[in-house]
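Novice: First the structure, then my questions, so here it is.
Number of protein chains: 2
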Amino acid sequence: MSPISAARTRGRPGGSSGAELLAVARQVFLASGYAGATMDAVASGAKISKQTLYRHYPSKDVLYAAVVRDWVDQGHDRMRPHVQALLDAPGLAEGLVRLARVMQAGILSPPVLQMRKLVANEAERFPEVAADYLERSWNRNQHMLAEALRELGDRGELRVADADGAAVAAEQLTWLAIAAPLNRLTLQGGRTVGGGRDGGELEAVAAEAVATFLGRFGAGE
Amino acid sequence: MSPISAARTRGRPGGSSGAELLAVARQVFLASGYAGATMDAVASGAKISKQTLYRHYPSKDVLYAAVVRDWVDQGHDRMRPHVQALLDAPGLAEGLVRLARVMQAGILSPPVLQMRKLVANEAERFPEVAADYLERSWNRNQHMLAEALRELGDRGELRVADADGAAVAAEQLTWLAIAAPLNRLTLQGGRTVGGGRDGGELEAVAAEAVATFLGRFGAGE
DNA sequence: GGTTTTGCGTACTGTCCAGTACTATTAGGC
DNA sequence: GCCTAATAGTACTGGACAGTACGCAAAACC
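Going down the list, the sequences are from chains L and H.
Going by the working numbering, the first sequence runs without a break in its numbering and finishes at 221.
Going by the working numbering, the second sequence runs without a break in its numbering and finishes at 1221.
Encoded structure:
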């Protein structure tokens, strides 16, 4: 399945290969963007020769596509346990705030921000890569959250009636929690998140997000 | 003030200069990004020689900074009349929906999206340009909207008590209206907005945004 | 131990582009 | 009418980088 042969059988022993190579390439792409990333940097970072790199991936384009696909594959179900935790939480509001904080920590973390930026930048040249990222990394998680919210609706804990309503609720909760800080981080360099006083700001955003969310979708009248 | 001498006094007659030159440069930067934009393309687009271009702007960096600054200057108060219209609107909900639609039309239009992308991409290399853009183009409008919402709060039409509450309300209204479509457009190529069936989708997003907004900040209990 | 496959290292080609040099040309100042 | 400033046009320099060529080294397989 992998574009690189699974086991090295013969030949001179080399440096990184397979998943390690993709991890190195990912770091190079994330740090420098598509244009700024050089195949020399990937090769030397992986401690292989450029020749070997080109044997595994016949062009920079192919390597880029493989890096993004690999990333999406790895982050497949990282959200699921947290959505499950919302369903199991004793208090709804506390559970929602916790989930909002988890989404913030995930989406606003430097690697995820960098990957978003990379994919968005190359969306024009590689529309299929971008579409795959959007579908399997974003829409998938939104759908998962929507189903959980609908479950809470069925239980009578939220005013969420059908699948459409749940999709709207999931979308609004997500963006209330992350849009403002995401915008700030996007229009700045890659300042770190979670350290400093950003933590307090994020917590306030999450609390306000849940307050507004419950104003619309809360069951208590 | 302008980096280009205001009036050509002597010498051979040339092509575009001053504001026209910046408009041409803007188009080139927006269409191709910083790295993809070439000084040759700017020069030939403005029908001047590369020499003349370099006489006005001694480097690509300086030209870029001037383009962004010029853009921010031009779009300074484009939001103001629409915020005023909200204050003058007979029905609050209708006024909010109309404002939401205006924000969508503005921020999700191709040139604004492209400028966002450009500035975000070069935020690391030109942090001051990005900070200026964020402050004068984004925060300024948010502040304007927040003041209007506080005015509505003073009138008793919204549950907005102080400046902090108004800032939160402005931020949430904005993002409820534009975050989801902005995300989709960012993670895709530059598909047009406003044509096709996007219009209907945006209208639905605006309606849902206002419904949620009023659930939290509406005066009616 | 010979063959083959894989990989290393390095050098090279072709291309693109920012920025510069140089010459010829045109318009205004005096 | 000459001088000077600005410009056009074109060619050049220097650097970066994708992708290739080629000779050598090492490991597995028989």
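A virtual CB, placed ideally from N, CA and C, is assigned to each residue, including glycine.
Everything numeric in this text was worked out from a predicted model, so none of it was measured.
What is the C-beta distance between Gln1104/H and Ala1206/H, in whole angstroms, given that I count them as a contact (C-beta under 8 Å)?
Specialist: Indeed they touch by this definition, with Cβ atoms about 6 Å apart.
Novice: Measure the CB-CB distance between Val62/L and Val42/L and report whether it falls below 7 Å.
Specialist: No, the Cβ-Cβ distance between Val62/L and Val42/L is not below 7 Å.
Novice: Contact criterion: CB-CB distance below 7 Å. Does Trp1175/H meet it with respect to chain L?
Specialist: By this cut-off, Trp1175/H is an interface position.
Novice: Kindly give me the distance between the Cβ atoms of Ala66/L and Tyr57/L, rounded to whole angstroms, as I take these residues to be in contact under 8 Å.
Specialist: Going by Cβ atoms, the distance from Ala66/L to Tyr57/L rounds to 6 Å, so yes, they are a contact pair.
Novice: Report all residues from its chain with a CB closer than 7 Å to the CB of Ser223/L; omit the five preceding and five following residues, and keep chain order.
Specialist: Because residue 223/L is not part of the residues shown, which for chain L are 1 to 221, the question remains open.
Novice: For the alpha helix (DSSP H) that contains Glu965/H, what are its first and last residues?
Specialist: Shown here, chain H extends from 1001 to 1221; a query on residue 965/H therefore has no answer.
Novice: Does DSSP put Leu158/L in a helix, a strand or coil?
Specialist: Leu158/L: strand per DSSP, three-state reduction.
Novice: When the distance is taken between beta carbons, is Gly215/L closer than 7 Å to Arg1216/H?
Specialist: Contact flag set, yes.
Novice: To the nearest angstrom, how far is the alpha carbon of Val1168/H from that of Gly156/L?
Specialist: Looking at the two C-alpha atoms, the distance is approximately 29 Å.
Novice: Tell me whether Thr38/L is buried or exposed, calling it buried when 16 or more other Cβ atoms sit within 10 Å of its Cβ.
Specialist: Burial call: exposed.
Novice: How long is the line joining the alpha carbons of Ala163/L and His82/L, rounded to whole angstroms?
Specialist: Roughly 20 Å separates the two Cα atoms.
Novice: Short of 9 Å Cβ to Cβ, which residues in the segment 1068 to 1084 of chain H face chain L?
Specialist: Residues passing the 9 Å Cβ filter: none.
Novice: Compare the C-beta of Val1168/H against all C-beta atoms of chain L and say whether one is closer than 7 Å.
Specialist: Cβ-Cβ to chain L under 7 Å: yes for Val1168/H.
Novice: Look at the alpha carbon of Gly195/L and the alpha carbon of Gln1051/H, and state the distance between them as a whole number of angstroms.
Specialist: Any answer about Gly195/L is weak, because its pLDDT of 48 lies below 50 and its placement is not dependable; what the coordinates show is given next. C-alpha separation (whole angstroms): 48 Å.
Novice: Can the beta-carbon of Leu182/L be found closer than 7 Å to that of Gln114/L?
Specialist: Result no, Cβ atoms of Leu182/L and Gln114/L do not sit closer than 7 Å.
Novice: Expressed to the nearest angstrom, what Euclidean distance is found between the alpha-carbon atoms of Pro1110/H and Gly220/L?
Specialist: Whole-angstrom Cα-Cα distance: 42 Å.
Novice: Counting contacts by CB-CB distance shorter than 7 Å, is Ala120/L in contact with chain H?
Specialist: Cβ-Cβ to chain H under 7 Å: yes for Ala120/L.
Novice: Listed from N- to C-terminal order along the chain, which residues in the segment 126 to 155 of chain L have their beta-carbon within a distance smaller than 8 Å of any beta-carbon of chain H?
Specialist: Those would be Pro127, Ala130, Ala131, Tyr133, Leu134 and Trp138, in chain order.
Novice: Leaving out five residues before and five after Val261/L in sequence, what residues of the same chain have Cβ atoms less than 7 Å from its Cβ?
Specialist: Residue 261/L falls outside the range modelled here, since chain L spans only 1 to 221, and no answer is possible.
Novice: Which residues in chain L have a C-beta closer than 8 Å to the C-beta of Leu1187/H? List them in chain order.
Specialist: Neighbours of Leu1187/H on chain L, chain order: Arg116, Val119, Ala120, Ala123, Ala130, Tyr133, Leu134 and Trp138.
Novice: Given this structure, state the Cα-to-Cα distance separating Ala146/L from Val119/L, to the nearest angstrom.
Specialist: Spanning the two alpha carbons is a distance of roughly 25 Å.
Novice: Restricting to runs no shorter than 3 residues, where is the beta strand (DSSP E) found entirely within the segment 31 to 93 of chain L?
Specialist: Whole beta strand (DSSP E) segments, 3+ residues: zero.
Novice: Determine, using beta carbons only, whether Val1068/H and Tyr1133/H come nearer to each other than 7 Å.
Specialist: Yes, the Cβ-Cβ distance between Val1068/H and Tyr1133/H is below 7 Å.
Novice: Should Gln1074/H go down as buried or exposed, given a rule of 16 or more other Cβ atoms within 10 Å for buried?
Specialist: So Gln1074/H counts as exposed.
Novice: Name, please, each residue of chain L whose Cβ falls closer than 7 Å to the Cβ of Glu1171/H.
Specialist: What Glu1171/H touches in chain L: Ala180.
Novice: So, does the CB of Gly106/L fall closer than 7 Å to a CB anywhere in chain H?
Specialist: Gly106/L does not count as touching chain H.
Novice: In chain L, which residues lie with their C-beta within 7 Å of the C-beta of Ala1211/H?
Specialist: Arg216, listed in chain order.
Novice: With a threshold of 6 Å on Cβ separation, who are the neighbours of Leu1173/H within its own chain once the five nearest residues in sequence on each side are excluded?
Specialist: The answer, listed in chain order, is Phe1213.
Novice: What residue from Glu128/L, Ala166/L and Ala123/L has the CA that sits closest to Thr1186/H's CA?
Specialist: When only C-alpha atoms are compared, the closest one is Ala123/L.
Novice: Going by alpha carbons, who is nearest to Gly1189/H out of Ser59/L, Arg125/L, Lys47/L and Glu171/L?
Specialist: For the residues Ser59/L, Arg125/L, Lys47/L and Glu171/L, the minimum Cα distance to Gly1189/H belongs to Arg125/L.
Novice: Among Leu1149/H, Glu1151/H, Arg1159/H and Trp1175/H, which has the Cα closest to the Cα of Trp1138/H?
Specialist: Measuring from the Cα of Trp1138/H, the nearest candidate turns out to be Trp1175/H.
Novice: With C-beta atoms as the reference, is Leu149/L less than 7 Å away from Ala161/L?
Specialist: No, these two residues do not count as a Cβ contact at 7 Å.
Novice: Give the single residue among Glu171/L, Tyr64/L and Ala89/L whose Cα lies nearest to the Cα of Ala35/L.
Specialist: Comparing Cα-Cα distances from Ala35/L to each of Glu171/L, Tyr64/L and Ala89/L, the minimum goes to Tyr64/L.
Novice: Leaving aside the five residues before and after Ala1025/H along the sequence, list all residues of the same chain whose C-beta is less than 7 Å from its C-beta, in chain order.
Specialist: Closer than 7 Å at Cβ, skipping near neighbours: Val1042, Leu1063 and Val1067.
Novice: Residue range of the alpha helix (DSSP H) that Gly220/L falls in?
Specialist: No alpha helix (DSSP H) holds Gly220/L; DSSP gives it neither H nor E.
Novice: Relative to the alpha-carbon of Gly33/L, which residue among Lys47/L, Lys60/L, Ala46/L and Ala204/L has its alpha-carbon at the smallest distance?
Specialist: The candidate whose alpha carbon is nearest that of Gly33/L is Lys60/L.
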